[in-house]
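Written out below as structure tokens is the structure these notes cover.
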Amino acid sequence: MSTSISNENLRIMVIDDSSTIRRSAEIFLGQVGYKVVLAEDGFDALAKINDTHPHLIFCDILMPRLDGYQTCALIKKSAKFRDTPVIMLSSKDGLFDRARGAMVGSEEYLTKPFTKDSLLKTVRKYTSEAISN
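According to full-length UniProt numbering, the sequence shown is numbered sequentially starting from 1.
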């Protein structure tokens, strides 16, 4: 499959208050050439999103100050970023949590701890449009 955009041109934002989760995601994604933008919480992410224009966003749910649901809702309300896929990250795997994520506009829900394979599979699923455009 030939693509017009390579991995290093795809920007992926990871929003999580856990430095371990941020670092793991950065390593897994960086190993295959993605450009990774890290944010410690929703406020940090909102400050960085306009400058970095990520193609995909992974967002933790339980964070201080601005939780993942609020962060996702704010991203999806923006005309500029409403089409950017947001994948919720959580150690909780309940139906209520998944439904609430869908209600604020997230495309998918990935349970922590994630594996390298599950993370990369999710990235490939949601960046195929970015690659083809």
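For glycine and all other residues, C-beta sits at the position ideal for the given N, C-alpha and C. The structure displayed is predicted, hence computed values, not measured ones.
DSSP lists I12 as the bridge partner or partners of L56. In terms of CA proximity to T84, T52 leads the group R65, A99, D93, T52. In this structure, the beta-carbon distance from L89 to F43 does not fall below 8 Å. DSSP assignment within the UniProt domain "Response regulatory" (11-127) yields the following whole beta strand (DSSP E) runs of 3 residues or more, N-terminal first: 11-15, 35-39, 56-60, 86-90, 108-111.
Looking at I15, R82, P54, R11, the one whose alpha-carbon comes closest to that of G68 is I15.
In this model, E40 and T71 are separated by some 12 Å (Cα to Cα).
The C-beta distance from L38 to E26 rounds to 6 Å, short enough to meet the 8 Å contact threshold.
Setting aside the 5 residues that flank it on each side, S128 has no residue in the same chain whose C-beta is closer than 8 Å to its C-beta. As the crow flies, the alpha-carbon of N50 is around 27 Å from that of K112. Comparing alpha carbon positions, the residue from R100, Y109, M103, K80 closest to L46 is K80.
Using a 10 angstroms sphere on the CB of G101, the tally of other CB atoms reaches 16 or more, which defines it as buried. Here Y126 is near L56, since their CB atoms are less than 8 Å apart. As the crow flies, the alpha-carbon of K116 is around 27 Å from that of A73.
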